[in-house]
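Residues in the sequence shown are numbered consecutively from 1043, following the numbering used here. Written out below as C-alpha coordinates is the structure these notes cover.
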Amino acid sequence: MLSRARIWFGAPPGTLSCRSWIPGPPGGEEIHRAGRKVLRYVLSVCAIIAINFALPRLMPGDPVMNLIGEDAMVTPAQLAEIRAKIGLDRPVTVQFASYIGDLLCGDLGYSFHLHGPVAGILWSRMFWTLLFAGTAIILGALIGIVVGALSGWEPETRRSRAVTCAAMAVSCTPPYFLAMLFLAFFAFRLGLFPAKGYYDVLTAGSVVHHLLLPVAVLTLFAASRNLLVMRGSVVQEKNSHYALYARAKGLFGRQILFRHLLRNASLPVITLVALDFGFIFSGALFIEIVFSLNGMGTLIYDAILARDYPLLQGAFLVIALLVVTANIIADLLYGALDPRVREGGI
(Lines of atoms letter the chains of each structure in order from A and count residues from 1; the text may use other names and numbers.)
(Lines give C-alpha, C1' and ligand atoms only; values in the text may rest on other atoms or scores of the structure.)
Protein backbone atom coordinates (compact mmCIF):
# COMPACT_ATOMS: atom_id res chain seq x y z
CA MET A 1 0.00 0.00 0.00
CA LEU A 2 1.39 3.36 -1.00
CA SER A 3 2.23 5.84 1.70
CA ARG A 4 0.93 9.36 1.53
CA ALA A 5 2.86 12.32 2.93
CA ARG A 6 0.98 14.89 4.94
CA ILE A 7 1.99 18.41 5.90
CA TRP A 8 0.51 19.17 9.28
CA PHE A 9 -0.18 22.81 9.86
CA GLY A 10 0.57 24.06 13.34
CA ALA A 11 3.91 22.21 13.56
CA PRO A 12 6.55 23.35 16.11
CA PRO A 13 8.24 26.70 15.36
CA GLY A 14 10.73 26.62 12.54
CA THR A 15 9.57 23.30 11.11
CA LEU A 16 6.89 21.89 8.89
CA SER A 17 6.26 18.38 10.12
CA CYS A 18 5.96 15.93 7.23
CA ARG A 19 5.10 12.37 8.18
CA SER A 20 4.40 9.32 6.14
CA TRP A 21 1.06 7.84 6.91
CA ILE A 22 0.01 4.36 5.87
CA PRO A 23 -3.64 3.58 6.46
CA GLY A 24 -4.25 0.26 8.06
CA PRO A 25 -6.03 -1.53 10.86
CA PRO A 26 -5.98 0.14 14.28
CA GLY A 27 -2.98 -0.73 16.41
CA GLY A 28 -2.83 -1.73 20.05
CA GLU A 29 -2.30 1.84 21.22
CA GLU A 30 -5.38 3.09 19.32
CA ILE A 31 -7.53 0.29 20.73
CA HIS A 32 -6.23 1.03 24.24
CA ARG A 33 -6.98 4.73 23.83
CA ALA A 34 -10.50 4.00 22.54
CA GLY A 35 -11.08 1.59 25.43
CA ARG A 36 -10.09 4.24 27.95
CA LYS A 37 -12.54 6.69 26.41
CA VAL A 38 -15.36 4.14 26.51
CA LEU A 39 -14.55 3.30 30.14
CA ARG A 40 -14.52 6.99 31.05
CA TYR A 41 -17.96 7.55 29.56
CA VAL A 42 -19.38 4.38 31.17
CA LEU A 43 -18.11 5.45 34.61
CA SER A 44 -19.55 8.94 34.02
CA VAL A 45 -22.98 7.49 33.21
CA CYS A 46 -22.85 5.26 36.33
CA ALA A 47 -21.99 8.24 38.53
CA ILE A 48 -24.77 10.27 36.90
CA ILE A 49 -27.32 7.55 37.63
CA ALA A 50 -26.28 7.36 41.30
CA ILE A 51 -26.34 11.14 41.80
CA ASN A 52 -29.59 11.39 39.87
CA PHE A 53 -31.21 8.94 42.29
CA ALA A 54 -29.87 10.70 45.41
CA LEU A 55 -30.54 14.37 44.58
CA PRO A 56 -34.37 14.37 44.65
CA ARG A 57 -34.34 12.48 47.96
CA LEU A 58 -32.09 15.11 49.53
CA MET A 59 -34.70 17.80 48.87
CA PRO A 60 -36.68 19.00 51.89
CA GLY A 61 -40.37 18.19 52.14
CA ASP A 62 -42.55 15.10 52.00
CA PRO A 63 -43.63 14.03 48.49
CA VAL A 64 -46.69 12.26 49.90
CA MET A 65 -47.96 15.42 51.63
CA ASN A 66 -47.34 17.40 48.43
CA LEU A 67 -49.35 14.82 46.53
CA ILE A 68 -52.43 14.81 48.78
CA GLY A 69 -52.17 18.42 50.01
CA GLU A 70 -51.03 19.88 53.31
CA ASP A 71 -54.61 20.41 54.54
CA ALA A 72 -55.84 16.90 53.71
CA MET A 73 -57.44 15.02 56.58
CA VAL A 74 -55.82 11.59 56.44
CA THR A 75 -54.92 9.08 59.10
CA PRO A 76 -51.39 7.72 59.61
CA ALA A 77 -52.58 4.37 58.24
CA GLN A 78 -53.75 6.04 55.03
CA LEU A 79 -50.44 7.90 54.73
CA ALA A 80 -48.55 4.64 55.13
CA GLU A 81 -50.74 3.00 52.46
CA ILE A 82 -50.07 5.80 49.97
CA ARG A 83 -46.35 5.71 50.75
CA ALA A 84 -46.31 1.96 50.14
CA LYS A 85 -48.13 2.32 46.80
CA ILE A 86 -45.51 4.72 45.41
CA GLY A 87 -42.61 2.68 46.84
CA LEU A 88 -41.32 5.17 49.41
CA ASP A 89 -41.76 2.83 52.38
CA ARG A 90 -38.87 0.59 51.31
CA PRO A 91 -35.22 1.12 52.35
CA VAL A 92 -33.20 3.42 50.11
CA THR A 93 -30.95 0.57 48.96
CA VAL A 94 -33.98 -1.42 47.84
CA GLN A 95 -35.37 1.64 46.05
CA PHE A 96 -32.04 2.11 44.27
CA ALA A 97 -31.89 -1.53 43.19
CA SER A 98 -35.45 -1.28 41.87
CA TYR A 99 -34.54 1.95 40.08
CA ILE A 100 -31.58 0.30 38.32
CA GLY A 101 -33.71 -2.68 37.33
CA ASP A 102 -36.37 -0.42 35.87
CA LEU A 103 -33.74 1.56 33.92
CA LEU A 104 -32.36 -1.63 32.40
CA CYS A 105 -35.89 -2.43 31.23
CA GLY A 106 -36.35 1.08 29.81
CA ASP A 107 -38.87 2.08 32.48
CA LEU A 108 -38.35 5.58 33.95
CA GLY A 109 -41.18 5.19 36.44
CA TYR A 110 -44.64 6.64 36.94
CA SER A 111 -45.36 10.29 37.74
CA PHE A 112 -47.77 10.34 40.67
CA HIS A 113 -48.24 14.09 40.17
CA LEU A 114 -49.12 14.10 36.45
CA HIS A 115 -50.57 10.57 36.52
CA GLY A 116 -48.69 9.10 33.60
CA PRO A 117 -45.54 7.22 32.59
CA VAL A 118 -42.44 9.42 32.96
CA ALA A 119 -41.03 8.35 29.59
CA GLY A 120 -44.14 9.49 27.72
CA ILE A 121 -44.31 12.80 29.59
CA LEU A 122 -40.64 13.54 28.95
CA TRP A 123 -40.91 12.65 25.28
CA SER A 124 -43.83 15.03 24.74
CA ARG A 125 -42.00 17.91 26.47
CA MET A 126 -38.48 17.15 25.27
CA PHE A 127 -39.39 17.74 21.61
CA TRP A 128 -40.05 21.43 22.23
CA THR A 129 -36.92 21.87 24.34
CA LEU A 130 -34.69 20.20 21.75
CA LEU A 131 -36.29 22.25 18.99
CA PHE A 132 -35.72 25.45 20.95
CA ALA A 133 -32.31 24.75 22.50
CA GLY A 134 -30.89 22.77 19.57
CA THR A 135 -31.68 25.54 17.10
CA ALA A 136 -30.14 28.16 19.40
CA ILE A 137 -26.97 26.14 20.09
CA ILE A 138 -26.33 25.47 16.38
CA LEU A 139 -26.99 29.08 15.39
CA GLY A 140 -24.91 30.33 18.31
CA ALA A 141 -21.97 28.16 17.29
CA LEU A 142 -22.11 29.21 13.63
CA ILE A 143 -22.51 32.93 14.39
CA GLY A 144 -19.85 32.83 17.10
CA ILE A 145 -17.32 31.08 14.84
CA VAL A 146 -17.81 33.36 11.82
CA VAL A 147 -18.10 36.68 13.67
CA GLY A 148 -15.36 35.72 16.13
CA ALA A 149 -13.01 34.76 13.29
CA LEU A 150 -13.58 38.08 11.52
CA SER A 151 -13.17 39.98 14.78
CA GLY A 152 -9.95 38.13 15.63
CA TRP A 153 -8.49 38.64 12.16
CA GLU A 154 -8.63 42.42 12.56
CA PRO A 155 -8.71 42.89 16.37
CA GLU A 156 -7.60 46.54 16.40
CA THR A 157 -10.49 47.97 14.38
CA ARG A 158 -13.34 49.86 16.03
CA ARG A 159 -15.86 47.36 14.75
CA SER A 160 -13.96 44.46 16.29
CA ARG A 161 -13.62 46.21 19.64
CA ALA A 162 -17.32 47.12 19.70
CA VAL A 163 -18.36 43.56 18.89
CA THR A 164 -16.02 42.19 21.57
CA CYS A 165 -17.36 44.56 24.23
CA ALA A 166 -20.96 43.68 23.33
CA ALA A 167 -20.16 39.95 23.47
CA MET A 168 -18.52 40.34 26.89
CA ALA A 169 -21.57 42.21 28.21
CA VAL A 170 -24.01 39.57 26.92
CA SER A 171 -21.92 36.60 28.13
CA CYS A 172 -21.79 38.07 31.65
CA THR A 173 -25.57 38.52 31.77
CA PRO A 174 -27.62 35.64 33.25
CA PRO A 175 -29.81 34.08 30.54
CA TYR A 176 -33.03 34.48 32.53
CA PHE A 177 -32.36 38.21 33.05
CA LEU A 178 -31.67 38.65 29.34
CA ALA A 179 -34.92 36.80 28.62
CA MET A 180 -36.87 39.10 30.94
CA LEU A 181 -35.41 42.17 29.21
CA PHE A 182 -36.43 40.87 25.77
CA LEU A 183 -39.85 39.87 27.08
CA ALA A 184 -40.48 43.28 28.66
CA PHE A 185 -39.39 45.23 25.56
CA PHE A 186 -40.48 43.16 22.56
CA ALA A 187 -43.57 41.45 24.04
CA PHE A 188 -45.06 43.86 26.59
CA ARG A 189 -43.91 47.24 25.30
CA LEU A 190 -43.90 46.71 21.51
CA GLY A 191 -46.35 43.80 21.37
CA LEU A 192 -44.43 42.08 18.56
CA PHE A 193 -44.33 38.63 20.15
CA PRO A 194 -46.60 36.61 22.44
CA ALA A 195 -45.79 36.86 26.14
CA LYS A 196 -46.66 33.25 27.00
CA GLY A 197 -46.27 29.76 25.59
CA TYR A 198 -48.17 27.68 23.07
CA TYR A 199 -51.75 28.86 23.34
CA ASP A 200 -52.45 29.17 19.61
CA VAL A 201 -53.17 26.44 17.11
CA LEU A 202 -49.96 24.44 16.59
CA THR A 203 -49.28 25.49 13.02
CA ALA A 204 -45.78 26.16 11.69
CA GLY A 205 -46.36 29.91 11.72
CA SER A 206 -47.61 29.89 15.31
CA VAL A 207 -44.68 27.78 16.53
CA VAL A 208 -42.15 30.07 14.82
CA HIS A 209 -43.90 33.14 16.24
CA HIS A 210 -43.74 31.75 19.79
CA LEU A 211 -40.18 30.41 19.51
CA LEU A 212 -38.52 33.31 17.71
CA LEU A 213 -37.95 35.49 20.77
CA PRO A 214 -36.65 32.77 23.15
CA VAL A 215 -34.46 31.31 20.39
CA ALA A 216 -33.03 34.79 19.74
CA VAL A 217 -32.19 35.21 23.44
CA LEU A 218 -30.41 31.85 23.77
CA THR A 219 -28.68 32.25 20.40
CA LEU A 220 -27.35 35.65 21.44
CA PHE A 221 -26.08 34.23 24.73
CA ALA A 222 -24.40 31.19 23.13
CA ALA A 223 -22.94 33.19 20.24
CA SER A 224 -21.34 35.73 22.59
CA ARG A 225 -19.42 33.02 24.47
CA ASN A 226 -18.32 31.28 21.28
CA LEU A 227 -17.32 34.60 19.71
CA LEU A 228 -14.93 35.47 22.54
CA VAL A 229 -13.23 32.06 22.40
CA MET A 230 -13.00 32.10 18.60
CA ARG A 231 -11.59 35.63 18.56
CA GLY A 232 -8.78 34.71 20.96
CA SER A 233 -8.02 31.53 19.03
CA VAL A 234 -7.73 33.37 15.70
CA VAL A 235 -5.51 36.07 17.24
CA GLN A 236 -3.18 33.30 18.40
CA GLU A 237 -3.27 31.23 15.21
CA LYS A 238 -2.75 34.05 12.72
CA ASN A 239 0.85 34.57 13.88
CA SER A 240 1.76 30.89 13.59
CA HIS A 241 4.23 29.53 11.03
CA TYR A 242 1.69 27.86 8.79
CA ALA A 243 -0.12 31.19 8.38
CA LEU A 244 3.18 32.80 7.33
CA TYR A 245 3.72 29.92 4.93
CA ALA A 246 0.26 30.53 3.43
CA ARG A 247 1.18 34.18 2.87
CA ALA A 248 4.40 33.08 1.20
CA LYS A 249 2.35 30.96 -1.22
CA GLY A 250 0.55 34.10 -2.37
CA LEU A 251 -2.62 33.95 -0.29
CA PHE A 252 -3.75 37.11 1.41
CA GLY A 253 -6.41 38.53 3.72
CA ARG A 254 -9.43 36.40 4.47
CA GLN A 255 -8.29 33.64 2.12
CA ILE A 256 -5.79 32.61 4.81
CA LEU A 257 -8.45 32.93 7.49
CA PHE A 258 -11.11 30.76 5.88
CA ARG A 259 -8.82 28.29 4.07
CA HIS A 260 -6.32 27.55 6.83
CA LEU A 261 -6.89 29.28 10.17
CA LEU A 262 -10.58 28.58 10.60
CA ARG A 263 -10.20 24.82 10.90
CA ASN A 264 -7.52 24.93 13.60
CA ALA A 265 -8.99 27.94 15.43
CA SER A 266 -12.44 26.36 15.71
CA LEU A 267 -11.21 23.46 17.86
CA PRO A 268 -11.49 25.39 21.17
CA VAL A 269 -15.05 26.41 20.22
CA ILE A 270 -15.99 22.74 19.77
CA THR A 271 -14.62 22.07 23.25
CA LEU A 272 -16.57 25.02 24.67
CA VAL A 273 -19.84 23.94 23.06
CA ALA A 274 -19.44 20.39 24.39
CA LEU A 275 -18.35 21.34 27.92
CA ASP A 276 -20.78 24.25 28.09
CA PHE A 277 -23.70 22.27 26.71
CA GLY A 278 -25.08 21.58 30.18
CA PHE A 279 -24.80 25.24 31.17
CA ILE A 280 -26.48 26.42 27.95
CA PHE A 281 -29.15 23.75 28.32
CA SER A 282 -29.87 24.82 31.90
CA GLY A 283 -30.09 28.40 30.63
CA ALA A 284 -32.62 27.18 28.08
CA LEU A 285 -34.71 25.72 30.90
CA PHE A 286 -34.75 29.06 32.74
CA ILE A 287 -35.69 30.86 29.53
CA GLU A 288 -38.54 28.37 29.07
CA ILE A 289 -39.87 29.28 32.50
CA VAL A 290 -39.68 33.02 31.71
CA PHE A 291 -41.54 32.58 28.41
CA SER A 292 -43.87 29.87 29.81
CA LEU A 293 -42.90 27.45 27.05
CA ASN A 294 -44.32 23.96 27.29
CA GLY A 295 -40.95 22.22 27.51
CA MET A 296 -38.60 20.56 29.97
CA GLY A 297 -38.01 23.77 31.94
CA THR A 298 -41.60 24.21 33.10
CA LEU A 299 -41.89 20.45 33.60
CA ILE A 300 -38.90 20.35 35.98
CA TYR A 301 -40.15 23.44 37.78
CA ASP A 302 -43.55 21.83 38.42
CA ALA A 303 -41.91 18.54 39.43
CA ILE A 304 -39.72 20.31 42.00
CA LEU A 305 -42.74 22.00 43.55
CA ALA A 306 -44.59 18.68 43.71
CA ARG A 307 -41.53 16.67 44.91
CA ASP A 308 -42.23 14.24 42.07
CA TYR A 309 -39.19 11.96 42.44
CA PRO A 310 -39.70 9.75 39.35
CA LEU A 311 -40.26 12.74 37.08
CA LEU A 312 -37.23 14.62 38.46
CA GLN A 313 -35.03 11.53 38.11
CA GLY A 314 -36.12 10.99 34.53
CA ALA A 315 -35.67 14.63 33.53
CA PHE A 316 -32.23 14.96 35.13
CA LEU A 317 -31.13 11.66 33.60
CA VAL A 318 -32.16 12.75 30.10
CA ILE A 319 -30.33 16.09 30.44
CA ALA A 320 -27.19 14.40 31.77
CA LEU A 321 -27.18 11.87 28.93
CA LEU A 322 -27.53 14.73 26.43
CA VAL A 323 -24.43 16.37 27.94
CA VAL A 324 -22.48 13.10 27.71
CA THR A 325 -23.61 12.69 24.09
CA ALA A 326 -22.43 16.23 23.31
CA ASN A 327 -18.98 15.37 24.67
CA ILE A 328 -18.84 12.19 22.59
CA ILE A 329 -19.72 14.17 19.45
CA ALA A 330 -16.98 16.69 20.35
CA ASP A 331 -14.45 13.83 20.58
CA LEU A 332 -15.46 12.61 17.13
CA LEU A 333 -15.32 16.11 15.63
CA TYR A 334 -11.87 16.66 17.11
CA GLY A 335 -10.61 13.53 15.38
CA ALA A 336 -12.24 14.55 12.10
CA LEU A 337 -10.80 18.10 12.13
CA ASP A 338 -7.34 17.41 13.55
CA PRO A 339 -5.42 14.32 12.34
CA ARG A 340 -3.00 14.63 15.27
CA VAL A 341 -5.85 13.74 17.63
CA ARG A 342 -7.04 10.88 15.41
CA GLU A 343 -3.56 9.32 15.18
CA GLY A 344 -2.49 9.96 18.75
CA GLY A 345 -0.11 12.84 17.98
CA ILE A 346 -1.55 14.96 20.80
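C-beta atoms are modelled at their ideal positions from N, C-alpha and C, and glycine is treated no differently. Being a predicted model, the structure only gives us computed values, none of them experimental.
- In this structure Gly-1325 is buried. Its beta-carbon is surrounded by 16 or more other beta-carbon atoms within 10 angstroms.
- Straight-line measurement puts the Cα of His-1252 at about 11 Å from the Cα of Asn-1336.
- Counting only runs of 3 or more residues that sit fully inside the stretch 1295-1338, no beta strand (DSSP E) segment turns up.
- For the 8 Å CB-CB criterion, Thr-1367 and Val-1257 do not form a contact.
- Per DSSP, the unbroken alpha helix (DSSP H) holding Ala-1204 starts and ends at 1200-1213.
- The Cβ atoms of Ile-1091 and Leu-1359 lie closer than 8 Å to each other.
- One Cα belongs to His-1283, the other to Val-1271, and the distance between them is close to 21 Å.
- Listed as beta-bridge partners of Tyr-1152 by DSSP are Pro-1159.
- For Phe-1333, the CB contacts under 6 Å within the same chain, skipping 5 residues up- and downstream, are Pro-1256 in chain order.
- One thing to note: Arg-1273 has its Cβ no nearer than 8 Å to the Cβ of Gly-1158.
- For Phe-1095, same chain residues with a beta-carbon under 6 Å away, outside a window of 5 residues either side, are Phe-1138 and Tyr-1141 in chain order.
- Leaving aside the five residues that flank Phe-1319 on each side, the residues in its chain whose CB is nearer than 6 Å to its CB run, in chain order, Val-1365 and Ala-1368.
- Measuring C-alpha to C-alpha distances from Phe-1323 to each of Phe-1263, Asp-1350 and Ala-1372 identifies Phe-1263 as the nearest.
- Only residues of its own chain outside the window of five on either side were considered, and among them Leu-1150, Gly-1151, Ser-1153, Pro-1352, Leu-1353 and Gly-1356 have a CB closer than 6 Å to the CB of Val-1160, listed in chain order.
- Nearest neighbour of Ser-1193 by Cα position, chosen from Leu-1347, Ser-1266, Leu-1172 and Ala-1237, turns out to be Ser-1266.
- As the crow flies, the alpha-carbon of Ile-1331 is around 26 Å from that of Gly-1186.
- Nearest C-alpha to Leu-1374 among Phe-1328, Ile-1329, Tyr-1343 and Leu-1309: Leu-1309.
- Per DSSP, the continuous alpha helix (DSSP H) segment holding Ser-1266 begins and ends at 1246-1279.
- Ala-1237 sits in coil when the DSSP states are folded into three classes, being neither helix nor strand.
- Just measuring C-alpha positions, the residue of Arg-1349, Ala-1345 and Val-1259 sitting nearest Leu-1164 is Ala-1345.
- The alpha carbon of Tyr-1376 has as its nearest neighbour, out of Asp-1144, Thr-1313 and Tyr-1218, the alpha carbon of Thr-1313.
- DSSP places Leu-1232 in the coil class of the three-state scheme, outside both helix and strand.
- Between Ala-1221 and Val-1259, the gap from beta carbon to beta carbon is short of 8 Å.
- Rounded to whole angstroms, the separation of the alpha carbons of Pro-1217 and Ile-1329 is 7 Å.
- Looking at Trp-1170, Thr-1261 and Ser-1213, the one whose alpha-carbon comes closest to that of Val-1249 is Trp-1170.
- In terms of Cα proximity to Thr-1340, the closest of Met-1168, Leu-1085 and Ala-1362 is Met-1168.
- The three-state secondary structure of Val-1116, taken from DSSP, is coil.
- Non-local C-beta neighbours of Val-1106 in its own chain, meaning closer than 8 Å and more than five positions away in sequence, comprise Leu-1121, Ile-1124, Arg-1125, Ile-1128 and Leu-1130, ordered along the chain.
- For Ser-1140, the enclosing alpha helix (DSSP H) has its first and last residue at 1134-1146.
- Assignment of Ile-1128 by DSSP, reduced to helix, strand and coil, places it in the coil class.
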